[in-house]
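Peer 1: Chains as they are written, first to last, in the numbering used here: chain A, 2 to 1179; chain B, 1361 to 1885.
We treat Cβ as the ideally placed atom computed from N, Cα and C, and that holds for glycine.
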Amino acid sequence: MKKNLNAGSKPLWFSPLLKLLLIMRMIVFLLFVAGLTATYANSDAQTIKLNLNLNSGTVKDVIEEIERQTNLSFMYDNNVFKVDRPISINVENESIKTVLEKLILGEDLKYEIVNRYIVITANNSPSVTQQLKTVKGKVTDSSGSPVVGVTVVVKGTNVGTVTNSDGGYVLSNVSGNTTLLFSFVGMKTQEVAVGNKTAIDVVLTDESVGIEEVVAVGYGTQKKVNLSGALSVVSEKELNNSKIGSFAAMLQGRLSGLSVVQSTGEPGKEDVSLIVRGRQSFGGNLSPLIIVDGIPVNDMSAINANSIESVTALKDATSSAIYGSRAAGGVILITTKQGKEGKEVVTYDGNVAVYSPTQMPDLITNSAEYMEMYNQAKQNRYGATVANQYSQDAISAYRNANGDPKYPNTNWIDILFSPAVVQNHTIGVTGGGKNSTHNITMGFIDQPGTMKGFSYKKYTLQMNVTSRISDKVKAGVTARAMYGERKGAGGSVSSGMGSSQRYSQNILEQAIDQAPTYGPKLDNGSYVSKAFITIESPKTNPLATIENTPVTEKTLRFEASAYLKIALTDWLTWENRGGFNINDERRHSFSSKVLMYYWDGTLPPRAQAGSVGGDLGASDAFNRMINPVAYSTLNFQKEFGGHSISAMAGTQAEYTKTEYFSARRQDFLTSEAQQIDAGVNNSNQFTSGNAQELALMSFFGRINYNYKGKYLLEINARADGSSRFAPGKRWGVFPSGSLAWRPFQESFMPQVPWLSDLKIRGSFGVLGNQSIGDNYLYQSVLTSSTITGSAWSSAPLYAFDKTSPTQGFAASKLLDPSLSWETTYSTNLGIDISLFRNRLNFNLDWYYKKTVDILVPDAKLPYSSGFSTSVQALGSMRNKGLEATISFKDKIRNFNYGVNLFVQGNRNMVLSYPSPGPWGKTIYAPGLPYGSYFLNIFDGIRQQPEVVKLGSGTAYTLPAGTMIIRDIHGPSSSSNYGIGVGGPDGIVNRDGDREVVSGAYPKFESGLTLTASWKGFDISCFFYGVYGVKQYIEGAGWIPFDNTIAPPSTMWRDAWTPENHSEKLPMLAFGNMGKGVWYNPLHEDDDLARNTFSLVDGSYLRLKNLNIGYTFNLNKFGVQNLRVYFSGDNLMTITNYPGEPERQTGAYTDGTAAREYNNTFLRYPQNKVYSLGINLKF
Amino acid sequence: MKTNIITKIVYSILTLTMLSSCNNFLDLQPLTDVASATYYRDDATIQSGLAACYAGLYMVTSSGAKELNQFPGATDDGYTTDNSWQMFLQNTLNSNMTGDLNSMYSNAYEAIYKTNNFIAMVQPTNVIDESLKARYIAEAKVLRAYFYFFVTNIFGDAVLTLSPEGEKSVIQSWTRTPRAVIKDSMVNDLVKAIKVLPQTAYNSGHIVSGTAALLAMRYKIMDYGTPDYAGIISLFESNFKTTNDANFGLVKKRQFKSMFDGNTSKNTYESDVLSASDNKEVMLSARYSTSATLSFPYPSGLVNPSICARPELFNFFQFDDGTEFDTSGANSKYDSNDSFKNRDGRLSFTITNKKTLDTMAYYPVKNFLKTNNTYYAWKKYTPYYILIDRALNVGEITTQDIILMRYPEALLLYAEALNESGRTTDALAALNVVRTRFLPASTASGKDNVRKAIRYERRAEFAQEGYIRYLDLQRWNEMKDVMPNLPVSVLNQTVKCTFVSRQRFWPIPEYERLANTNISQNDGY
């Protein structure tokens, strides 16, 4: 509690939020002091006795000690009273007067004790007491109404009061040479010198929204009030609540315009996808460009959430065009915390959390029930006398087992999953002197998985150092390191790096594809494959997979940059920054041989130990990326006569090299030693390696102009050259511009008391994209490939000599030197309104983005070219959407509360597509959202047998209990993108009778944040919801007896039977669902299985985070801040989806192969998290 | 002061531009793939480019185009249950279908592209001897002609492209060239190649002069227009009668089987193992390797009845005295106990003898095969040891070369040209060179009888050797007579094949026409 009467110092910058906090804190303090003053008013401070034992301290130490021992506070001017002076004081039970005299001994100073303040002034200054007087007055706003609750403080002290219901205040014992500060949330703070006045009336004017607030923009910062583009910002404070799990996932619902989907809860592989304002490319990289402290990085995994200062999403062309080539997918700017001048502050943030799966499939795990359902399904498919059913004896044995372990009811999910305890610790040190500041953060996360065999450990380090070399030269370093170690299982040793994210999914599939009639292991520890030999054919025992195919992935990341900022003149600054990112990934996997037993303990005939995960043996893979970047900018800023001009010009160069190497040995005699050299040194070993480079060079510039804060203009341009394109096609120029108007700054506009600010914005610009995988698009290359397996397809070898074939080298792709940049035209209109002294803020943005010349990696080529596909600039797509944010904050006495709601909706439409038509269950065609669902329509359950023509027209008698599929069209037509033409033709078939069904993308998504605080308590909840999206579900967990054995979910207890005439669920049917046995069990070739029965509403509303904390006031113990909190993630979900609803939608994932992948029902489940943590600052 | 600021600004701008002054910063060369422009440095690298051209033979024969496996099933020689081919047999082919229709078309053009690219890239190099370079280019051109022969005879008019093209706009402006024009262009290449290529036997795996000559003869006999009989006679006489006399010939009767037998070293059953240098008969083959990585799947007729021989083919082979096969017993050559006995020797080299089934190891359709007389398993390309040693699995592989051209074809084309030109006696002489390996010399007289004898010889000699029978029936206009009598598959004897005129060609795949709207469709599709 130091109270410097530091008249000359003025805060250099304060974000309004910090300012608000300060004001709030001050008010709380004032109330506290007021109370104390009341209590101690009559006690005689002069008589206080002190014990001091201070050797070789400073005056300051003494002051702090006195403040600690008494209720007194010091007031002084730093320039007069030098508190750094060394001093030694040893007194025992001495009066305060004596101590104070010692303190100012030899100085030209005097002291006075006034109320609870010790005022130290120069000897020649007039006595404080003599000049003390009472000041009163009234505070009104510009319309003349009284303002209640205005804080009135003597500047530099905490002496003050608050205005009453009439706006009036009375402040006694005020010295004439002080200044009063009048401050109120949402209004401009006013200072009035007291002088000889005893009545001071003040008119407070509204403050524009964050008039001083500065936000990060490309290559610099801007005052928020001067922005004309569309961007959204989230500050550290708002992210602070929940620092658990991946940082990227924390951005979900926090930044309007940014869609964040976390696909799995697998530790270290959360698979977070970020999309800014919808999908705008077919196969290219859709993710936004991520810039941390000016340097582009691959992803956010190295970032510790505790080091974040703010995150900005640049959404429209104007704000992102400065990053031209790579900004079509938007830009996310992350600023990390710099050190602050002042005392060293140590922070510790830690929490311990219990993770458990959010939602798991609810399967039939009672063996007897399972066996009966199995028989039923089989009979429905093949008739009552079908072979290989569970016998009644077997069913009875299980039913009457009474806990006999021979007849288990195994829940395979329970075997694999158990709650995990996750720890997260961060220690930070920040501080610095006048010339150098630092902020260092170290973090550690230990995250065992909820599923056996999976875990993640992550260590992070962030170090920011800033140095002021002179008044004009500043330099600094930002360095970040991360080491992550991920353990998993289930990968094939021959698969490459990065494919591991699906391992957990494979294991989950294995777990669900087991019958409950046996356990995972025999008593002697041997693995079990099945119980009923002729009936059951499950996938590999998942426990055997987990325990015998370990995979370790280690990531070492280093991201560092240094800068030098030189103020050439007071209106021109030159900034240089250079840095590099290194990403080093290593993967080691091993697969050992396993012997599988039957549940009765016997071995299958001719049983041999075999692999449980693809090839046997050990493999190591190494991936390294090194990515140096450097840029240099000149920044100009000048103001004259209401005109304010700033301009920036710069250049950037960037280079990326990736290298890959892998080695594998297959034959191992034992699994005890699992490194490659432990294997048999024979010909079953393989290596591969490659490397790629990419270079980008850019020139860019920006001009900002504003006139009296009324008219705002911004023009950006960037020219990018990419090594991906041929010399003549290399450069792309991406200009943009925006305008904004703040009408109420105009003198001719009437002042509206409740309207604090209004801004109307508009922007248009062009952005580019070149990120489509192949680094050597235009170059003619010859490729050899290693022969593995059969060679007759595109064989690169030819056996002129039959014993040693000649390696062939041939062109593997078609060159199109005319390829160039993919271009996005982006328009944005926005309005920002602040009402009721900025308590209520409203932002609305409308955008329209059109992407043309989309680079399609697998666009059709005529076969006669020699190739069937090539990279082509084809197709166009548009995205349009609305984003709205409403926020309200208010304070009732010391109860603060706030609400923030954002809603956004994006509409995607393909304008032209290179090869339109259906692709699996989706369709890609002009006029439709990219990858719309294209399915047969499920029309309920057939209650009576019926003759129906199927396929090419053959009539079948379909039994009751089967699905009714709607006859909609005649045959499909290629001229109609494969959609059927004409009306119903009396024949039900897949091709003609499919319809485009909505739901590939959410209609809108929204986030709602509620915050409140009262005294030391704070609470925040964050809800996130996605509406109008549908998910198509396939596979085990959804389809009963998928792959012949997977148990049905409990909903199938209501399946249609002759007794139970369900209208919703067909009868249980055994066999290949992909071939439509649900529809027609007699003829499984009619591919009608892909119908809307499996298209399920995927909307959800989820309490993403609830955080309740209490902050202790422990200043006496030298602790600045101690907050203890409970935090919960994913605590509550409202959805109709029969599983974990948070998942990517439609064709959201990149690339062709992934188009179908997303809809697998099984995913490593997301986590429900209960955590307890502390934030400590001292 | 003012100048000081200006100096500072100038310095900083200089630095700005320095960052990006390196002009070649954006010129990056691939690190893993070799740049085409600089790849060819010596004979070894050029040969590797040529190897990729030859590898096209795999694609056309066994991979996509199934020249080996499927075409016999589209004639009166065999069955195939493959969906695409069933559609051909039942005249339900449509351009939207995928499968073999697409792969036959695309694989041929992929192979053509590789030859074009090779020729274009080797042409300007000077790293090897000019005559060697000319030879390599000639080999690539013969390969290209081989692929175009396939395209123009299966799909009719086709896109003719003789240089590698990358510009999409150019590719999409291509139209189909009349097949006769393509033929002229290819024959022109072949005639030039004949002169450049070595006049040796085909045993190094490289195309030789004789290969080019025989391919030119094939072009001239096909229905591109009126067959050029004089051209065929002249090609044969100038290439095989004198200059190449010693390079080509027929292997001995007992060696015949060895040509199609994957692994001669295991072939203890036959005494006459055929050495590579003995083999003057093969003139072009897709060469597979004993190094195990380069191989192709056996015809699967012994595993399931999807690809097999028809009884019509079995009945077609004459008795070994040159008389028609007849089960009435009127001919004493007929042995009701073993109907393979006393037949044209090529029968038991072409079709698996049902009598021997009991001595063979287990295979899935053995019983079916033994009892079902509408079904015969192919024998060519199926080594004997496979049959007796162990079970044959689906997709089992062999390293046997797929023979694409044999010398008897040159003789028979010559005979056919002579006969059609009215030189029946000369024709008969040429025919008998082939026939007398297995049968007594033909004494047929008159143009029609000699023609019939030639047609017998072609079918008996080349059964199960790719598209030879298929194209013969097409060019002789016999499909319409033969096919409607044949059941569509061994499993469906009631439905018969169909043949109408549009079936002369397959439709152009829809994929091609979507990607290039200038490509027309064949009549009837």
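Check the Cβ-Cβ distances between A1397/B and every residue of chain A, and say whether any is below 8 Å.
Peer 2: Judged by the 8 Å Cβ criterion, A1397/B is in contact with chain A.
Peer 1: Quick check: the Cα distance between T541/A and Y598/A, rounded to an integer number of angstroms?
Peer 2: One C-alpha to the other measures close to 12 Å.
Peer 1: My output table needs one value for I201/A: the three-state DSSP class, helix, strand or coil.
Peer 2: DSSP places I201/A in coil when its eight states are reduced to three.
Peer 1: Can you look up I485/A in the DSSP assignment and give me helix, strand or coil?
Peer 2: Note on identity: in this sequence residue 485/A is Gly, with Ile being the wrong assignment. If DSSP states are grouped into helix, strand and coil, G485/A belongs with the strands.
Peer 1: If we call anything under 8 Å between Cβ atoms a contact, is S699/A one with G325/A?
Peer 2: Closer than 8 Å, so yes.
Peer 1: Would W1015/A be called buried (16 or more neighbouring beta carbons within 10 Å of its own) or exposed?
Peer 2: Burial call: exposed.
Peer 1: Could you name the residues of chain A that A1498/B contacts, counting a contact when the two beta carbons are closer than 9 Å?
Peer 2: Result: empty, since nearest Cβ-Cβ is about 16 Å, beyond 9 Å.
Peer 1: Using a C-beta to C-beta distance shorter than 9 Å, which residues of chain A count as neighbours of W1534/B?
Peer 2: Within chain A, the residues near W1534/B are P863, S865 and S866.
Peer 1: With DSSP as the reference, label Q1863/B as helix, strand or coil.
Peer 2: The answer is helix: DSSP assigns Q1863/B an H, G or I state.
Peer 1: Quick one: does T1854/B have its CB under 8 Å from some CB of chain A?
Peer 2: Output row for T1854/B: interface = no.
Peer 1: Could you tell me the alpha carbon to alpha carbon distance between V1170/A and A421/A, rounded to whole angstroms?
Peer 2: Taking the straight line joining both Cα atoms gives about 10 Å.
Peer 1: Helix, strand or coil, according to DSSP, for F1616/B in the structure here?
Peer 2: It is helical.
Peer 1: By DSSP, does R469/A sit in helix, in strand, or in coil?
Peer 2: If DSSP states are grouped into helix, strand and coil, R469/A belongs with the strands.
Peer 1: Ignoring anything shorter than 3 residues or poking outside the stretch 1802-1871 of chain B, list the beta strand (DSSP E) runs there in chain order.
Peer 2: Runs of the beta strand (DSSP E) inside the stretch 1802-1871 of chain B: 1847-1849 and 1852-1856.
Peer 1: Secondary structure at R1091/A, three-state DSSP: helix, strand or coil?
Peer 2: Reduced to three states, the DSSP call for R1091/A is coil.
Peer 1: Which residues does DSSP pair with L798/A in a beta bridge?
Peer 2: In the DSSP output, where bridge partners are listed per residue, L798/A has Q808/A.
Peer 1: For L1778/B, which three-state DSSP category applies?
Peer 2: Correct three-state label for L1778/B: helix.
Peer 1: Using 8 Å as the threshold, is the C-beta distance between I333/A and I291/A below it?
Peer 2: Against a cut-off of 8 Å, the Cβ pair of I291/A and I333/A comes out as a contact.
Peer 1: Count the other C-beta atoms from every protein chain shown that fall within 10 angstroms of the C-beta of H644/A, then say buried if there are 16 or more, exposed otherwise.
Peer 2: Classification for H644/A: exposed.
Peer 1: Measuring only between beta-carbons, confirm whether G1459/B sits less than 8 Å from chain A.
Peer 2: It does not; no Cβ of chain A falls within 8 Å.
Peer 1: According to the neighbour-count rule (16 or more other Cβ atoms, all chains shown, within 10 Å of its Cβ), is A1770/B buried or exposed?
Peer 2: Per the 10 Å Cβ criterion, buried.
Peer 1: Please name the residue in Q1121/A, V997/A, G1017/A and R588/A whose C-alpha comes closest to that of F935/A.
Peer 2: Checking every option, the nearest Cα to that of F935/A belongs to V997/A.
Peer 1: Please go through the same chain and pick out, in chain order, the residues whose beta-carbon is closer than 8 Å to the beta-carbon of N776/A, but skip the five residues on each side of it.
Peer 2: Once the five neighbours on either side are set aside, the close Cβ partners of N776/A are Q693, E694, L695, S724 and R725.
Peer 1: Using a Cβ cut-off of 8 Å, which residues of the stretch 1430-1461 of chain B contact any Cβ in chain A, in chain order?
Peer 2: Those residues of the stretch 1430-1461 of chain B that come within reach of chain A (Cβ to Cβ, closer than 8 Å) are N1456.
Peer 1: Got a sec, what are the start and stop residues for the alpha helix (DSSP H) K134/A sits in?
Peer 2: First-last for K134/A: K134 to D142, but that is the beta strand (DSSP E), not the alpha helix (DSSP H).
Peer 1: Thinking A885/A and N844/A are a contact (beta carbons under 8 Å), I'd like their distance in whole angstroms, please.
Peer 2: With 8 Å as the limit, A885/A and N844/A qualify as a contact, their Cβ atoms being about 7 Å apart.
Peer 1: If you count every other CB in all the chains shown that lies within 10 Å of the CB of P946/A, and 16 or more means buried, which is it?
Peer 2: By the 10 Å Cβ count, P946/A comes out exposed.
Peer 1: Would you tell me roughly how many angstroms separate the C-alpha atoms of A1823/B and D1841/B, rounded to the nearest one?
Peer 2: Those two C-alpha atoms are separated by around 19 Å.
Peer 1: Could you give the C-beta distance for P863/A and I1531/B, rounded to a whole number, given that I count them as a contact under 8 Å?
Peer 2: Indeed, because the Cβ distance is near 6 Å, the residues count as touching under 8 Å.
Peer 1: Skipping 5 residues on each side, what residues in its chain have a beta carbon closer than 7 Å to that of G1516/B?
Peer 2: Excluding positions up to five away in sequence, the list reads R1539, F1865 and N1882.
Peer 1: Our contact map puts S593/A next to N549/A with C-beta atoms below 8 Å; I'd like the distance itself, whole angstroms only.
Peer 2: Yes, S593/A and N549/A are in contact; Cβ-Cβ is about 5 Å, under 8 Å.
Peer 1: In angstroms with no decimal places, state the Cα-to-Cα distance between N381/A and R943/A.
Peer 2: Distance between the alpha carbons of N381/A and R943/A is about 14 Å.
Peer 1: Count the other CB atoms within 10 Å of the CB of T1168/A; is the residue buried (16 or more) or exposed (fewer)?
Peer 2: Rather than Thr, the amino acid found at residue 1168/A in this sequence is Asn. It is buried - the Cβ of N1168/A has at least 16 other Cβ atoms within 10 Å.
Peer 1: If you measure from the CB of G651/A, is any heavy atom of the ligand FAD nearer than 7 Å?
Peer 2: Absence of the ligand FAD is noted for the structure shown, with no ligands found whatsoever.
Peer 1: Let me check understanding here. Comparing Cα to Cα, which of K1555/B, N1639/B, G1591/B and S1849/B lies closest to Q1491/B?
Peer 2: The displayed chain sequence assigns Ser, not Gln, to residue 1491/B. Checking every option, the nearest Cα to that of S1491/B belongs to K1555/B.
Peer 1: Tell me the DSSP secondary structure of D167/A in three-state form.
Peer 2: Correct three-state label for D167/A: coil.
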